[in-house]
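Heads up: the structure comes next, in structure tokens.
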Amino acid sequence: MKCRHAKNTDLENVNDILATAFSEEPVHKLIFPGRDRDSLIDVLRNFFRIYVNLASRYGGILLTENDAGALVYFRPESMPMPKEELTQIDHQLRKVCGADHSKALAFIDGLEQYHPHTFRHYYISLLAVKPSFRGKSLVDDLFSELNTILDKENLPCYAECTRFSTRTLIRRWGYIDAGSPISIDGFPKLYPIMRYPQVDEK
1 MKCRHAKNTD
11 LENVNDILAT
21 AFSEEPVHKL
31 IFPGRDRDSL
41 IDVLRNFFRI
51 YVNLASRYGG
61 ILLTENDAGA
71 LVYFRPESMP
81 MPKEELTQID
91 HQLRKVCGAD
101 HSKALAFIDG
111 LEQYHPHTFR
121 HYYISLLAVK
131 PSFRGKSLVD
141 DLFSELNTIL
151 DKENLPCYAE
161 CTRFSTRTLI
171 RRWGYIDAGS
181 PISIDGFPKL
191 YPIMRYPQVD
201 EK
């Protein structure tokens, strides 16, 4: 088995993987401006902890066998979140983001505006690999494991890519464009993608 579902004892490592990888993304530099890399990683670690903890209850976190890559996803029944959960999430965001809460919320609300709501689907929230392991087979391992889950349940999966190059690369795992690029005021364009189940007909 090349991937496994993360346990509670793995979650801090998952947060570290995500924070380190996404500290290089323009989106998160805009949400938390004026920070050096170490400071940005610190705040992102706490920011992503909110969603990693949510996924541990409402979805799953796939971790590569060498603990160097992680994929965070949500199950169809978790969307939309209960109102009480959303209130708690906003409380945590205010605590973590401080003066940057409004920018974080603008981005999150923008994603929600474009998120499909008319059919059941899985949602990839986050995917990252430690820098020293990029270019290896970890992303393939993560997508292969998730695709097995998707095809077994005969359900599609939605995600957003922060870079056009990622959107192009991800096609090799069966994902296609899910509409025009997403425009959220003050942020770079995002690229929505969708994978439909690939079930063999016998």
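Every letter in the sequence shown is one number past the one before it in full-length UniProt numbering, and letter 136, counting from 1, is 136.
Backbone N, C-alpha and C define an ideal beta-carbon position, used for all residues, glycine too.
{"Asked": "Where does Ala128 sit, in a helix, a strand or coil, going by DSSP?", "Found": "strand"}
{"Asked": "Please state the DSSP three-state secondary structure of Gly174.", "Found": "coil"}
{"Asked": "Pairing CB atoms from the segment 89-106 with CB atoms from the segment 160-172, are three or more of them under 8 Å?", "Found": "no"}
{"Asked": "Can you name, in chain order, every residue of its own chain whose Cβ lies under 7 Å from the Cβ of His5, other than the five neighbours on each side?", "Found": "Gly60, Ile61 and Leu62"}
{"Asked": "Figure out for me which residue from Glu24, Ala55, Ile89 and Ala68 has the closest Cα to the Cα of Gly135.", "Found": "Ala68"}
{"Asked": "For Thr118, name the three-state secondary structure that DSSP assigns.", "Found": "coil"}
{"Asked": "Would Ile17 and Ala55 qualify as a contact pair, given that the criterion is a beta-carbon distance under 8 Å?", "Found": "no"}
{"Asked": "Let me confirm a value: Asn15 is counted as buried when at least 16 other C-beta atoms fall within 10 Å, else exposed. Which label applies?", "Found": "buried"}
{"Asked": "Have a look at Asp185, Leu86, Pro76 and Gln198 and flag the residue whose alpha-carbon is nearest the alpha-carbon of Arg31.", "Found": "In the sequence as presented, Arg is not what sits at residue 31; that position holds Ile. Nearest option by C-alpha distance: Asp185."}
{"Asked": "CB-CB under 8 Å to Ala21, same chain, minus the five flanking residues each way: which ones, in chain order?", "Found": "Ala128, Val129, Lys130 and Pro131"}
{"Asked": "Quick one: Cα of residue 203 to Cα of Val139, how far?", "Found": "In the structure displayed, the chain extends from 1 to 202; residue 203 sits before or after that span and is not available."}
{"Asked": "Let me know the secondary structure DSSP gives Ile193 once reduced to three states.", "Found": "strand"}
{"Asked": "Sort Arg49, Ala19, Val52 and Phe187 by Cα distance to residue 205 and report the nearest one.", "Found": "Examination of residue 205 is not possible in this model, given that the chain is present from 1 through 202 alone."}
{"Asked": "At what residue ranges does the segment 30-96 contain a whole run of the alpha helix (DSSP H), taking only runs of 4 or more?", "Found": "37-58"}
{"Asked": "Out of Arg195, Gly179, Pro197 and Gln198, which one is the CA nearest neighbour of Lys189?", "Found": "Gly179"}
{"Asked": "According to DSSP, what are the bridge partners of Ala159?", "Found": "Ile193"}
{"Asked": "If you reduce the DSSP assignment to three classes, tell me which class residue 203 lands in.", "Found": "Look at the range of the chain in this structure, 1 to 202, and you will see that residue 203 is not part of it."}
{"Asked": "Measure the CB-CB distance between Ile182 and Ala159 and report whether it falls below 8 Å.", "Found": "no"}
{"Asked": "Would Cys161 pass as a contact of Tyr122 if the rule is Cβ separation under 8 Å?", "Found": "no"}
{"Asked": "Considering only DSSP beta bridges, list what Arg167 is partnered with.", "Found": "The partner list for Arg167 (beta bridge, DSSP) is empty, contrary to what the question assumes."}
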